[in-house]
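Participant: Residue numbers (this note's numbering): 16 to 78. Pasting a structure below so you can have a look.
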Amino acid sequence: MSVISSALFIVAIVFFIVSIVTFEIGTKKVKEKKAHKKYDKIGFRLLYISILFAGISILFAII
Numbered sequence: 016m017s018v019i020s021s022a023l024f025i026v027a028i029v030f031f032i033v034s035i036v037t038f039e040i041g042t043k044k045v046k047e048k049k050a051h052k053k054y055d056k057i058g059f060r061l062l063y064i065s066i067l068f069a070g071i072s073i074l075f076a077i078i
């Protein structure tokens with residue numbers, strides 16, 4: 016279970032980093048006066064997925 020927990024935690028960190036990059040792209044689009052809502056939606060979706068993977072990782076670590 017430790018290996019599964021570690022793998023899920025690494026996946027959660029990767030999704031979290033990608034969501035940060037997506038939010039940064041959205042912020043740059045705001046400065047350029049272009050549509051940024053698409054990047055915000057993608058960023059929030061990736062953030063929710065990273066929280067889900069982190070929660071599953073913690074659950075496996077407890078078991």
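Ideal Cβ positions, reconstructed from N, Cα and C, are used throughout, including at glycine. Please read these numbers as outputs of a predicted model, since none were measured by experiment.
Could you tell me the distance, in whole angstroms, from the CA atom of V33 to the CA atom of G58?
Facilitator: Residue mapping note: residue 33 aligns to position 18 of the sequence shown, counting from 1. Residue mapping note: residue 58 aligns to position 43 of the sequence shown, counting from 1. Between V33 and G58, the C-alpha separation is close to 8 angstroms.
Participant: Compare the beta carbon distance of A69 and A22 with 8 angstroms and say whether it is the shorter of the two.
Facilitator: On the sequence shown, position 54 is the one that residue 69 refers to. On the sequence shown, position 7 is the one that residue 22 refers to. No, Cβ-Cβ distance for A69 and A22 is not below 8 angstroms.
Participant: Sort E39, A76, S20, V18 by Cα distance to K56 and report the nearest one.
Facilitator: Within the sequence shown, residue 56 is the residue found at index 41, counting from 1. The shortest C-alpha separation from K56 is found at E39.
Participant: Sorted by chain position, which residues of the same chain lie with C-beta nearer than 7 angstroms to I19's C-beta, five sequence neighbours on each side aside?
Facilitator: Position 4 of the sequence shown holds residue 19. Only F75 meet the Cβ criterion.
Participant: Exposed or buried, L67, counting other C-beta atoms within 10 Å across all chains shown (16 or more means buried)?
Facilitator: Taking the sequence shown and counting its residues from 1, the one referred to as residue 67 is at position 52. Counting Cβ neighbours within 10 Å, L67 comes out exposed, since fewer than 16 surround it.
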